[in-house]
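Asks: Once you've had a glance at the structure underneath, I'll fire off some questions.
In the working numbering, the protein residues as written are 2 to 125.
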């Protein structure tokens with residue numbers, strides 16, 4: 002399994018709706034990062050602060066200035082839905098994740114074990 006190359010596929014796919022934030026996350030944003038909290042509506046993210054309409058894309062996903070991939074402007078304050086992605090090898094396959102290699106497809110059990118190692122810091 003390759004390291005994440007910041008292709009942005011997951012952020013693009015899920016950044017346009019259906020993500021949620023816990024009460025604790027929302028409270029932390031309200032206390033420490035109101036610029037993030039303003040994009041929350043009834044526990045869901047990402048919503049236009051002025052219209053409360055769901056956005057079609059994550060407002061924090063930006064093209065990397067070096068032209069290779071994307072950056073998250075709130076990486077250290079990102080929601081748990083983002084922090085814990087991907088949660089399974091099946092999820093990576095479904096989403097056509099670029100971390101997946103041919104050897105991973107041949108041995109999904111080992112691929113999941115590799116994923117656990119890669120994601121251990123995020124999942125704690």
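Glycine residues also receive a C-beta, built at the ideal position from the N, C-alpha and C atoms.
Flag this pair as touching only if the segment 9-22 and the segment 46-57 have three or more C-beta atom pairs under 8 Å; answer yes or no.
Replies: yes
Asks: Kindly give me the distance between the Cβ atoms of residue 38 and residue 27, rounded to whole angstroms, as I take these residues to be in contact under 8 Å.
Replies: 6 Å
Asks: Under the three-state reduction of DSSP, which class applies to residue 72: helix, strand or coil?
Replies: Of the three classes helix, strand and coil, the one that applies to residue 72 here is strand, per DSSP.
Asks: How is residue 56 classed by DSSP in three states: helix, strand or coil?
Replies: Here residue 56 sits in coil by DSSP.
Asks: Go ahead and pull the three-state DSSP assignment for residue 41.
Replies: strand
Asks: Given residue 76, which residues of its chain have a CB within under 6 Å of its CB, disregarding the five upstream and five downstream residues?
Replies: none
Asks: By the DSSP assignment, the alpha helix (DSSP H) with residue 24 in it spans what residues?
Replies: Residues 24-33.
Asks: When you compare only the Cα positions, how much space is there between residue 113 and residue 71?
Replies: Looking at the two C-alpha atoms, the distance is approximately 25 Å.
Asks: Identify every residue that forms a DSSP beta bridge with residue 63.
Replies: Paired residue(s): 72.
Asks: Is it the case that the segment 62-69 contacts the segment 81-96, given that we only count it when at least three CB pairs across the two stretches are under 8 Å?
Replies: no
Asks: Measuring straight from C-alpha to C-alpha, what distance separates residue 25 and residue 43?
Replies: 13 Å
Asks: Could you compute how far the alpha carbon of residue 47 sits from the alpha carbon of residue 82?
Replies: Roughly 12 Å separates the two Cα atoms.
Asks: The alpha helix (DSSP H) that contains residue 82, what's its start and end?
Replies: 81-84
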